[in-house]
Amino acid sequence: RKEVEQDPGPFNVPEGATVAFNCTYSNSASQSFFWYRQDCRKEPKLLMSVYSSGNEDGRFTAQLNRASQYISLLIRDSKLSDSATYLCVVNEEGTGGFKTIFGAGTRLFVKA
Amino acid sequence: DTGVSQDPRHKITKRGQNVTFRCDPISEHNRLYWYRQTLGQGPEFLTYFQNEAQLEKSRLLSDRFSAERPKGSFSTLEIQRTEQGDSAMYLCASSPFGETQYFGPGTRLLVL
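Chains A and B, in that order, are what the protein sequence lines are. Sequential numbering from 1 applies to the first sequence in my numbering. Sequential numbering from 1001 applies to the second sequence in my numbering.
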């Protein structure tokens, strides 16, 4: 089983649609959680951190369910510029510090 | 530009050759990370430094791979006796105390 699993998609949605991505992680001791965005042939960039209480940043809402070990990202009112790969990221405690585990990403295409 | 920089941006080498990549983190970021990313996958964690100390290494980091950060500033990643399977994008990221990682543009390696 992969440490962090995501539906690879692609998700094809029209502008203005609401779309949701889920992610599951295997290590119950994982400490912190993030969503990153990666555009084609570019480096990943932080979209938002994910907190147990849930958090919102404009059109984006992230949720964490520690009991079920899943993380979600909701995008409302999709824009063409939201087309990208969304990476679910988990920090786990390692032997000397911590290590960061990325999911394989979910591809989103927003159409006009 | 005060972001993370990587050099070279592209490298083509023949199987069996050694290659070295450099990463310059954002000034005063004490944490530095190396990842490898192949097409359709998320970044795979390789190693992590806090200042000059290498605190965590992935099992992916075989004995052909070595990373250093001698003065706690820039870092190098060396691959000895390259294999075709080493072809990938090598990403470097840095962070201050805290967990948001800022990525460089990557070094794309092709082993012929």
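Yeah, the Cβ is synthetic: ideal placement off N, Cα and C, and Gly gets one too. Remember, predicted model here, so these are calculated numbers, not experimental data.
- Only those residues of the region 1021-1048 of chain B whose C-beta falls short of 8 Å from the nearest C-beta of chain A are listed: Y1033, Y1035, G1040, Q1041, G1042, P1043, E1044, F1045, Y1048.
- For B/E1052, there are no C-beta contacts with chain A under 8 Å, since the nearest C-beta of that chain is about 13 Å from it.
- Residue contact check for B/F1103 against chain A: a CB pair falls below 8 Å.
- A/C40 is classed as exposed because its beta carbon has fewer than 16 other beta carbons within 10 Å across all chains shown.
- With contacts defined by Cβ atoms closer than 8 Å, B/F1049 and B/S1073 do not form a contacting pair.
- Interface criterion not met: the Cβ of B/T1107 is under 8 Å from no Cβ in chain A.
- Only those residues of the region 81-105 of chain A whose C-beta falls short of 9 Å from the nearest C-beta of chain B are listed: T85, L87, C88, V89, N91, G94, T95, G96, G97, F98, K99, T100, I101, F102, G103, A104, G105.
- Secondary structure at B/Q1050: strand, using DSSP grouped into helix, strand and coil.
- Here the alpha carbon of B/N1030 sits roughly 11 Å from the alpha carbon of B/R1069.
- Straight through space, the alpha carbons of A/G97 and B/S1095 are spaced by roughly 14 Å.
- Ranked by how close their Cα comes to the Cα of A/Y25, the residues A/V13, A/G58, A/Q6, A/V110 have A/Q6 in first place.
- If you draw a straight line from the Cα of B/R1081 to the Cα of B/N1018, it comes to about 5 Å.
- Between the C-alpha atoms of B/P1025 and B/S1005 there is a straight-line separation of about 7 Å.
- Residue state for A/S53 is assigned as coil, using DSSP reduced to three classes.
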